[in-house]
Structure formats: C-alpha cells, structure tokens
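Engineer: Sharing a structure with you now.
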Amino acid sequence: IRIGVLISGNGSNLQAILDACREGRIPGEVVVVLSDKADAFGLERAHRAGVEAIHVDPAAYPTRTAFDAALAELLQAREVDLVCLAGYMRLVRKPMLTAFPDRILNIHPSLLPAFPGLDAQGQALAYGVKVAGCTVHFVTAGMDEGPIILQAAVPVLEDDTHEDLRARIQAEEHRIYPEAVRLFAEGRLRIEGRRVRILSPTA
Ligand code: GRF
2 IRIGVLISGN GSNLQAILDA CREGRIPGEV VVVLSDKADA FGLERAHRAG
52 VEAIHVDPAA YPTRTAFDAA LAELLQAREV DLVCLAGYMR LVRKPMLTAF
102 PDRILNIHPS LLPAFPGLDA QGQALAYGVK VAGCTVHFVT AGMDEGPIIL
152 QAAVPVLEDD THEDLRARIQ AEEHRIYPEA VRLFAEGRLR IEGRRVRILS
202 PTA
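Take full-length UniProt numbering: the last position of the sequence shown gets the number 204, and nothing is skipped along the way.
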C-alpha cells in the first residue's frame, strides 16, 4: 500500500515506519511526508530515505478547512491508501476525513481513553498512575478518540522524570505503530462500532 505520513516535529515514529517498510515488515511504502512546520526534523528523515517531503504552511490558507483540503489533495494526487499521523499536532478536519474514511491512523502517548490531548506523559505523572503507555487508533473528528487498534503498557517508576517516561513510552510507540500499519496493510483490521477486530493472518 501507499502511505502518506503527517508530522510536526522530530519524526521518530515516521522513522520507525520508514525502517519497517525498508525491512519488509510493512508491505507498503511511504510515498510522501507532509509537515505543517518548516523546521520539522522529520522532513530531513524523509529526504534521507529518498521520500518526497513537503512543508505545507497553514498560514498560506484562509481557514483550517482549506488547509486540510490542500493536504487531502496532495495525498490523493499521490494515490495514498493510508494516512499516518505521527506527532502531527493538529486536529484533522472534514476534507481529510471524507477523503480518507477509516484510512487515517494516529499514535498517542497514553493508554486512551486516559489522558487525551497535549502532554499525555505529564498528565500521567501528575495524576500518579502506575501504568502508562501508548495507543494506535483510527482517527475520527474528536481528539484522540477513534477506535483503538493496538496499545502497549509501560510501568511508571518511582523516580521517573518526564523525559524518562517519555523515552519508555516512545520505545513502545516505535514497536506498535509499524505493527498497526502492517495489520492495516494486510487488510486485517475490521472496525465494528467502537471496537477494532484484528483478523488472523490468512494462510
Ligand atoms: C509521540 O509521542 C506521539 O505519540 C505523539 O507525538 C510524539 C511524536 O514523536 N503523538 P515523533 O515526532 O514521532 O518523534
């Protein structure tokens, strides 16, 4: 399948997906990376992998909807089958959701539905939970609330700093995001209401 990745920053999850495609763990290829931030390091990662990388400047569009329409057009022109949000710090709007129904995934650094929104790791530390983690889910109009595909849990240790917890969660993100993309690419995800059924591999 043809994958488009949306980023705003470092792009370590993008890197995990690029590596998994290169190593054959995902039956597909990243064909374009779009960033709403000109200085996102993920754009550099895309260049290094020989993947088209484009900064799309939200300030160049009159509305958020117009911006999302432009993103959808760029992705559709490249015949993208799946859109992966990877550290993309914006809500996805109608034009994207209609262009890619049930074809947009996101990774969030908490065990949803706990701690949606910004700084999930900070929220987890402040709340005092003993288990944290990450979630890959289908994207719907709400923030961090679509059907859940995969989750991974990590312990919160007694003297964890924000950075300790962030790094522990990220290691799991880099494992489950490519895995979820693989399941999607193999046609093994079925959305059933709120739930995602993961089908067994067909022999
Ligand atoms: C990750 O923690 C992800 O869960 C969140 O934003 C961060 C992106 O990191 N949505 P990176 O840009 O992939 O390194």
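Cβ atoms here follow ideal geometry from the backbone N, Cα and C, with glycine treated the same way. Given the structure is predicted, the values throughout are model-derived calculations rather than measurements.
In the DSSP assignment, the beta strand (DSSP E) including Pro-156 goes from what residue to what residue?
Structural biologist: Segment 149–156, the beta strand (DSSP E) holding Pro-156.
Engineer: Taking all protein chains shown into account, decide if Tyr-128 is buried (16 or more other Cβ within 10 angstroms of its Cβ) or exposed.
Structural biologist: Counting Cβ neighbours within 10 Å, Tyr-128 comes out exposed, since fewer than 16 surround it.
Engineer: Taking Asn-14 as part of the alpha helix (DSSP H), name the residues at either end of that continuous run.
Structural biologist: 13–23 is the extent of the alpha helix (DSSP H) around Asn-14.
Engineer: Tell me the residue span of the alpha helix (DSSP H) that contains Leu-166.
Structural biologist: From DSSP, the alpha helix (DSSP H) with Leu-166 extends over 163–186.
Engineer: Might you give, ordered along the chain, the residues of its own chain that have their beta carbon closer than 6 angstroms to the beta carbon of Ala-73, omitting 5 neighbours on each side?
Structural biologist: Taken in chain order, the residues that qualify are Pro-96, Met-97, Ala-100.
Engineer: Here's a check: name, in chain order, each residue in its chain whose Cβ is nearer than 6 angstroms to the Cβ of His-109, leaving out the five neighbours to either side.
Structural biologist: Closer than 6 angstroms at Cβ, skipping near neighbours: Thr-136, Asp-145.
Engineer: Helix, strand or coil: which one does DSSP assign to Glu-74?
Structural biologist: Note: Glu-74 maps to helix in three-state DSSP.
Engineer: Sorry if obvious, but does the Cβ on Ser-36 come closer than 6 angstroms to a heavy atom of the ligand GRF?
Structural biologist: Not so, every heavy atom of the ligand GRF lies at least 6 angstroms from the Cβ.
Engineer: DSSP three-state label for Thr-136, please.
Structural biologist: Looking at Thr-136 - three-state DSSP - the assignment turns out to be strand.
Engineer: Between the Cα of Arg-195 and those of Val-155, Ile-149, Gly-5, spot the shortest distance and give me the residue it belongs to.
Structural biologist: Of the listed residues, the one whose Cα sits closest to Arg-195 is Ile-149.
Engineer: Locate the alpha helix (DSSP H) running through Glu-45, then write down its first and last residues.
Structural biologist: Its alpha helix (DSSP H) spans residues 42–49.
Engineer: Count the other CB atoms, across all protein chains shown, that sit within 10 Å of the CB of Leu-200; report buried if there are 16 or more and exposed otherwise.
Structural biologist: Exposed, since its Cβ has fewer than 16 Cβ neighbours within 10 Å.
Engineer: Does Ala-54 come out as helix, strand or coil in the three-state DSSP assignment?
Structural biologist: Strand, per DSSP.
Engineer: Suppose the cutoff is 8 angstroms on Cβ atoms and the five residues either side in sequence are ignored; what does the same chain contact list for Phe-42 look like?
Structural biologist: Answer for Phe-42: Gly-10, Asn-11, Gly-12, listed in chain order.
Engineer: Assuming Leu-126 and Leu-166 make a contact with CB atoms under 8 angstroms, what is their CB distance in whole Å?
Structural biologist: Between Leu-166 and Leu-126 the Cβ distance is about 6 angstroms, and since that is below 8 angstroms, they are a contact.
Engineer: Taking three-plus beta-carbon pairs below 8 angstroms as touching, is the region 19–27 in contact with the region 181–190?
Structural biologist: The region 19–27, when compared against the region 181–190, does touch it at the 8 angstroms Cβ threshold.
Engineer: Smallest Cα separation from Gly-88: which of Ala-54, Lys-131, Ser-36?
Structural biologist: Taking only the C-alpha atoms, the option nearest Gly-88 is Ser-36.
Engineer: What span of residues does the beta strand (DSSP E) with Leu-86 cover, start to end?
Structural biologist: Residues 83–86.
Engineer: If you draw a straight line from the alpha carbon of Ala-154 to that of Leu-44, how long is it in whole angstroms?
Structural biologist: The alpha-carbon atoms of Ala-154 and Leu-44 are separated by roughly 29 angstroms.
Engineer: Give me whichever residues DSSP pairs with Arg-3 in a beta bridge.
Structural biologist: In DSSP, Arg-3 forms a bridge with Glu-30.
Engineer: When burial is assigned at 16 or more other CB atoms within 10 Å of the CB, is Glu-174 buried or exposed?
Structural biologist: Flag for Glu-174 reads buried.
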